[in-house]
DNA sequence: AACTCGTGGAG
DNA sequence: TCTCCAAGAGT
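Numbering (UniProt numbering), first residue to last: 1 to 388.
Given below as structure tokens:
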């Protein structure tokens, strides 16, 4: 028994997942749909992507609609999904592809587009254009490491895994259905050949899997041990006025959380901030007190957030003013609390704003002690005249 | 080659 | 709780 393409495709025909970006069986895929989904799915789970994909296609139904939109509109739809350079590259790519009148239909040209690397180029080529290549993602790496019992650890084994994966579609049956074959490998990895406890009994390739023969399938692929995550600390400030307007600012266009909107605050450093140093970065702290009145900052809570390469603890301070001073360029801009969804808030900042608004809302309503987790920013009503 | 770059669900 | 890691790309 070998690794039969026919066996895999037959399994796929009976077990394929129905996903919003997938064409119906026997129908050609839309390159725009495939592209959007592949970018969103980079290092992101299917369940996380689905609602984002659906909203995205409602707002940008076509390549031309996306290319014509401001990049900030794209970031708003991307907010919360992470890896924001994907959104910026997506928008850049849309401009190029729309200008060219459509996607190139070969791997090399696809690979040259912004945000499209070796994996995504192969995925679009195979799924949208029927080119017989195998996109090597985490699923395919895992399946390949197992069926060939490759024990060398990732990421060093990546090249070897790609070379071996490329041999999986040699049979005629695979060459005849490149799109289905690629997606069959994804579904096999996602549903059968899973990371922890693979369901080998149900696997169409069980007879040909070298790792299963020696019982080491659950141990593959091996991975080099990862370094530990350093801790960083920051302080952010939520300032709101009686009209329900928040002071916010935009992060630099590239780098961490590039282009997203945040509460003003400190840098994120390796050591805890003392109160005095942190409050130098509070909004209007350098303005004459007569201009703003004295701002009464209160500790609203602490946010723990984990990034790929460091963990972050943010102390959130909140304050309320009758009337917001007119912000100048260094301060940022005003956002109505009920229009936050029109801004590109990262998940971190969504948590910070929610914590600050919960505190203000609870403190403002009737003087109750602010509750930890109750309420959301959506049910905090902050309208003119309230809480005078 | 080794970093940077998010987030949340699963186990 | 904590660790893992997901349809990776850019530098």
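Where a beta carbon is used, it is the ideal one built from N, C-alpha and C, also for glycine.
- When the alpha-carbon of residue 102 is set against those of 118, 63, 353 and 173, the nearest one is in 63.
- Classified as buried, residue 264 has 16 or more neighbouring CB atoms from the shown chains inside 10 Å of its CB.
- The alpha carbon of residue 31 has as its nearest neighbour, out of 61, 2 and 46, the alpha carbon of 61.
- In the structure shown, the three-state DSSP call for residue 134 is coil.
- For the pair of segments examined, the segment 145-159 was found to touch the segment 211-218: the number of CB pairs separated by less than 8 angstroms reaches three.
- DSSP, reduced to helix, strand and coil, places residue 323 outside both helices and strands of the structure shown, so it counts as coil.
- Residue 283 and residue 237 do touch by the CB rule: their CB atoms are close to 6 angstroms apart, below 8 angstroms.
- Between residue 154 and residue 223, the C-beta gap is smaller than 8 angstroms, which places the two residues in contact.
- Residue 319 and residue 226 have their alpha carbons spaced roughly 41 angstroms apart.
- Secondary structure at residue 231: strand, using DSSP grouped into helix, strand and coil.
- Using a Cβ-Cβ distance cut-off of 8 angstroms, the segment 124-136 and the segment 176-192 are in contact, since at least three pairs of beta carbons, one from each stretch, lie closer than that value.
- In this structure residue 235 touches residue 273 by the C-beta definition: roughly 5 angstroms separates them, less than 8 angstroms.
- In the three-state DSSP reduction, residue 305 falls in the strand class (E or B).
- Fully enclosed beta strand (DSSP E) runs of no fewer than 3 residues occupy 231-241 and 245-250 of the segment 212-272, in order along the chain.
- The beta-bridge partner set that DSSP reports for residue 336 consists of 245.
- In this structure, the CA atom of residue 317 is about 6 angstroms from the CA atom of residue 297.
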